[in-house]
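Colleague: Sending over a structure as structure tokens; questions will come in a sec.
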Amino acid sequence: MTALAIRTDDPAAAHVAPLLEHHLRELAAVMGEHAFALDASGLSAADVTFWTAWRGGVLAGFAALKELDGDAAEVKSMRAAPEARGTGVGRALLEHVVAEARARGHARLYLETGTAPLHQPAIGLYRSRGFTSCPPFADYEASPHNQFMMLALSPASHTA
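For the sequence shown, numbering that gives the first Met the number 0 assigns the number 159 to the last residue and increments by one with no breaks.
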């Protein structure tokens, strides 16, 4: 299998649009008004860094990191392309985001995700990386469609 390359990218780029549109449609279908994924405009904000993952010249996924404050950041819009699911793209993107948050000096990394069956593989990935359930953070409010997770970051918190 071709190696995965992760690079900083433009969420408004034409090569990102089909996967981002798929991501937003799918989340809206299962979460309705409780889908908080960012569109290209939101992912282009100054406080968000956006990465794409590529395998053999094919877009395999994307992820973003949103700065919350000096001590905390949030994983945003992490997504593997449908044809790349189960190939390690999600894990590689998550490791990249965690490493970047740690390098930026954050003490905590948060995320919000859904509760539908669609979200179960991602939830398993997050839990395997050490994320634990937490109360809503930032401007989020609890609902039956959302759950919130947090990873404490320290030099010793990396697990393979």
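The beta carbon of each residue, even a glycine, is placed where N, CA and C say it ideally should be.
Check whether the stretch 114-130 touches the stretch 18-32, taking contact to mean three or more Cβ pairs, one atom from each stretch, closer than 8 Å.
Modeller: Output reads yes: the stretch 18-32 touches the stretch 114-130.
Colleague: In this structure, does DSSP put A141 in helix, strand or coil?
Modeller: Coil, per DSSP.
Colleague: Considering only residues of the same chain and omitting the five flanking positions on each side of F136, which have a CB-CB separation below 7 Å?
Modeller: These residues qualify, in order along the chain: Y109, F147.
Colleague: Which of the three DSSP states is assigned to A155 in this structure?
Modeller: Residue confidence for A155 is low, a pLDDT of 45 falling below 50, so the modelled location carries little weight and cannot support an answer.
Colleague: From the DSSP output, read off the bridge partner residues of A72.
Modeller: Looking at the DSSP assignment, A72 forms a beta bridge with E66, L108.
Colleague: Using a Cβ distance threshold of 8 Å, determine whether the stretch 99-107 contacts the stretch 79-87, with at least three qualifying pairs required.
Modeller: No: the two stretches stay apart, fewer than three of their Cβ pairs being nearer than 8 Å.
Colleague: Between the C-alpha atoms of L124 and H14, what's the straight-line distance to the nearest angstrom?
Modeller: Cα to Cα, the separation comes out at about 26 Å.
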